[in-house]
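Novice: Input: one structure, supplied below.
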Amino acid sequence: MAIQPIRIFGDPVLRLAAQPVTVFDKELRTLVRDLTETMKEAPGSGLAAPQIGVSLRVFTYHVDGVLGHLVNPSLDLTDEEQDGPEGCLSLPGLTFDCKRAYGVVAKGFNEYGDPVTIEGTQLLARCIQHETDHLDGIIFIDRLDREQRKAALRAIREAEWAGDSAPQVRLSPHSTFGRAL
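Sequential numbering from 294 applies to the sequence shown in my numbering.
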């Protein structure tokens with residue numbers, strides 16, 4: 294088990310649709326453990342494999358004391374909606390209100406390939422939808438209304454973690470023969 298670095302908004306892997314898991318082996322179980330440990334260390338309510346740079350349809354969650362994972366999820370959503378604060382480990386420190394389905398029935402598999410069904414409402418439903426979105430290359434700010442999305446993008450640009458840090462310019466002690474500043 295190893296805690297992995299979490300990919301930050303702007304990393305291309307976060308915008309790719311993840312590949313379905315086809316082999317349920319020791320490597321997958323290691324991935325699930327790494328996701329779980331990384332999520333708990335962050336700390337977060339959920340973490341999808343693309344967030345640690347692995348483009349596979351796997352996520353972990355830890356909501357209301359329930360710790361679990363889901364492989365190759367498919368979701369059935371309720372018509373009833375909820376609107377509430379949502380954040381993301383790939384957008385550290387930022388939270389925006391986001392509409393989601395109030396309830397979800399998620400079907401998939403565990404790390405051994407056994408079928409699993411998870412039913413949840415409120416925070417668990419929000420978490421499962423959020424993490425499944427990551428597997429489809431969707432980030433929660435994509436689901437915000439236009440005004441909120443503009444505010445989110447502005448906050449991202451202003452965040453200390455956004456973009457590359459400005460390079461330090463060091464002056465050469467050697468003559469540049471008039472070819473540089």
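For each residue, glycine too, the CB sits at the ideal point set by N, CA and C.
1. Among Glu379, Ala342 and Arg300, which one has its Cα closest to the Cα of Asn365?
2. Return helix, strand or coil for Arg308, following the three-state DSSP convention.
3. Note the first and the last residue of the continuous beta strand (DSSP E) segment covering Ile421.
4. By Cβ distance, which residues of its chain are closer than 6 Å to Ala310, with the 5 residues on each side in sequence left out?
5. Thinking just about the alpha-carbon of each residue, which of Arg300, Asn403 and Leu417 is nearest to the one in Thr331?
6. Can you tell me the Cα-Cα spacing of Gly377 and Arg436, whole angstroms?
7. Whose C-alpha, out of Asp304, Leu384, Lys400 and Gly337, is nearest the C-alpha of Arg350?
Specialist: Result, derived from the coordinates:
1. Within the sequence shown, residue 365 is the residue found at index 72, counting from 1. Distance from the Cα of Asn365 is smallest, within the candidate group Glu379, Ala342 and Arg300, for Ala342.
2. To locate residue 308, count along the sequence shown from 1; it is residue 15. Helix, per DSSP.
3. Walking along the sequence shown from the start, residue 421 turns up at place 128. That residue, Ile421, is in no beta strand (DSSP E); its alpha helix (DSSP H) goes Gln415 to Leu428.
4. Numbered from 1 along the sequence shown, position 17 holds the residue referred to as residue 310. Cβ within range, chain order: Asp429 and Gly430.
5. Taking the sequence shown and counting its residues from 1, one reaches residue 331 at position 38. The candidate whose alpha carbon is nearest that of Thr331 is Arg300.
6. Within the sequence shown, numbered from 1, the residue matching residue 377 stands at position 84. Within the sequence shown, numbered from 1, the residue matching residue 436 stands at position 143. Rounded to the nearest angstrom, the two C-alpha atoms are 12 Å apart.
7. Residue 350 sits at position 57 when you count from the first residue of the sequence shown. When only C-alpha atoms are compared, the closest one is Lys400.
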